[in-house]
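In the working numbering, the protein residues as written are 290 to 566. Positions of the beta carbon are idealized from the N, C-alpha and C atoms, including for glycine. Because the structure is a prediction, the values reported are computed rather than measured.
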Amino acid sequence: MMKEITRRKFIATSTLATGFALAVQPISAQVTATDAKGLVAGAVKIPVKDGEIPAYRAAPATGENFPIVLVIQEIFGVHEHIQDVTRRFAQLGYLAIAPELFIRQGDVTKLSSIDEIRPIVAKVPDAQVLSDLDATVKWAVKSAKGNANKLAITGFCWGGRITWLYAAHNPKVKAGVAWYGRLVGDATELQPKYPIDIASALTVPILGLYGGKDTGIPLDTVEQMRDHLKSSSSKSEIIVYPDAPHAFFADYRPSYREKDAKDGWKRLLAWFKQNGV
290 MMKEITRRKF
300 IATSTLATGF
310 ALAVQPISAQ
320 VTATDAKGLV
330 AGAVKIPVKD
340 GEIPAYRAAP
350 ATGENFPIVL
360 VIQEIFGVHE
370 HIQDVTRRFA
380 QLGYLAIAPE
390 LFIRQGDVTK
400 LSSIDEIRPI
410 VAKVPDAQVL
420 SDLDATVKWA
430 VKSAKGNANK
440 LAITGFCWGG
450 RITWLYAAHN
460 PKVKAGVAWY
470 GRLVGDATEL
480 QPKYPIDIAS
490 ALTVPILGLY
500 GGKDTGIPLD
510 TVEQMRDHLK
520 SSSSKSEIIV
530 YPDAPHAFFA
540 DYRPSYREKD
550 AKDGWKRLLA
560 WFKQNGV
């Protein structure tokens with residue numbers, strides 16, 4: 290079991306994972322590989338309140354004032370798939386950054402069992418995550434040629450839930466896309482709110498992409514979220530792919546559904562453009 294790192298004396302020294310999540314081996318043959326040609330891509334350190342956290346960033350090698358995309362990990366950490374997603378954005382002219390948001394609680398990329406990963410992720414406070422994302426945005430603007438007025442966020446599974454929450458936390462976000470993030474749940478001290486709790490007050494336009502056969506996110510909760518969004522000013526939308534399971538975008542996993550994943554990516558890019566990112 291990973292040793293916990295005390296927050297008071299926290300300085301993240303671990304390196305970002307270069308491979309895929311150990312907990313989801315073997316890796317699918319359908320993996321997308323985006324090269325770094327023409328990009329600046331690799332590990333960086335983000336200054337945060339109690340030290341530094343590692344992150345992976347990718348951006349065009351030339352130019353400046355890039356639109357910023359925060360890429361929020363699944364529970365498996367910032368492994369090769371998440372890093373590849375940042376490179377996909379960078380090849381399109383974005384500065385994309387995926388911060389390691391669990392690192393204080395443990396390095397999940399080195400664990401081979403989902404049963405070992407879940408207890409670590411459960412210890413991650415939402416307040417810590419939101420603060421770290423604020424710090425990541427600040428770093429992107431000051432140190433990486435990012436445009437503070439063109440900020441977007443996207444996340445997958447655990448990161449899908451965070452996408453909704455961060456958009457409520459930071460109204461400067463121009464657009465977000467949440468991939469199959471949990472919408473309802475029991476409030477705890479560490480996770481006091483879920484997307485459904487912030488939906489009616491949301492001002493940032495979020496596109497939710499969900500699977501009709503996701504056994505972990507019942508369709509009735511998706512419909513509840515849609516109902517709550519009707520009273521918001523955000524003009525958010527939710528798309529459900531009827532035959533898609535959970536994690537249908539994750540091309541390294543058996544859950545991958547190429548048609549739905551490609552349609553979702555196309556919708557994401559259109560959503561960003563439509564909302565000025």
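Residue i burial status per 10 Å Cβ neighbour count (16 or more: buried)
i	result
glutamine 314	exposed
glycine 500	buried
lysine 439	buried
leucine 390	buried
arginine 376	buried
glycine 308	exposed
serine 544	buried
serine 525	buried
arginine 421	The residue asked about is misnamed: residue 421 is aspartate in this sequence, not arginine. Per the 10 Å Cβ criterion, buried.
threonine 443	buried
glutamate 363	buried
alanine 318	exposed
glutamate 369	buried
leucine 381	exposed
Rounded Cβ spacing between residue i and residue j (contact assumed at less than 8 angstroms)
i	j	result
isoleucine 487	tryptophan 453	7 angstroms
isoleucine 495	serine 523	7 angstroms
alanine 424	valine 430	At roughly 11 angstroms, the Cβ-Cβ gap does not stay under 8 angstroms, so alanine 424 and valine 430 are not in contact.
proline 484	arginine 450	6 angstroms
isoleucine 386	leucine 419	Isoleucine 386 to leucine 419, Cβ: 15 angstroms. No contact.
aspartate 509	alanine 533	Not a contact, Cβ separation roughly 17 angstroms.
alanine 464	phenylalanine 561	5 angstroms
aspartate 373	alanine 322	7 angstroms
Alpha-carbon spacing of residue i relative to residue j, whole angstroms
i	j	result
threonine 398	glutamine 513	34 angstroms
alanine 348	alanine 325	9 angstroms
leucine 472	aspartate 503	13 angstroms
leucine 491	leucine 498	17 angstroms
serine 520	alanine 350	43 angstroms
proline 388	proline 481	22 angstroms
valine 511	alanine 456	18 angstroms
tyrosine 541	alanine 344	21 angstroms
valine 367	valine 462	22 angstroms
serine 401	glycine 565	40 angstroms
glutamate 341	phenylalanine 355	23 angstroms
tryptophan 428	isoleucine 406	28 angstroms
alanine 559	isoleucine 371	20 angstroms
isoleucine 357	arginine 556	18 angstroms
phenylalanine 537	leucine 328	27 angstroms
serine 303	aspartate 396	With a pLDDT of 48 at serine 303, under the threshold of 50, the predicted position of this residue should be treated as unreliable, and no value is reported.
glycine 435	isoleucine 527	28 angstroms
valine 460	valine 493	It should be noted that the sequence gives proline, not valine, for residue 460. Those two C-alpha atoms are separated by around 6 angstroms.
alanine 310	phenylalanine 365	6 angstroms
glycine 352	tyrosine 383	11 angstroms
First through last residue of the alpha helix (DSSP H) which encompasses residue i
i	result
proline 408	403–411
glycine 331	Taken as a continuous stretch (DSSP letters only), glycine 331 belongs to no alpha helix (DSSP H), being part of the beta strand (DSSP E) at 328–337.
arginine 376	369–380
arginine 556	547–563
For residue i, the first and last residue of its enclosing beta strand (DSSP E)
i	result
alanine 464	464–468
tyrosine 345	340–349
isoleucine 357	355–361
glycine 444	435–445
alanine 536	Looking at the DSSP string, alanine 536 is not in any beta strand (DSSP E), and its letter there is neither H nor E.
leucine 384	384–388
Continuous alpha helix (DSSP H) assignments of at least 4 residues falling wholly in the segment 488–525:
508–518
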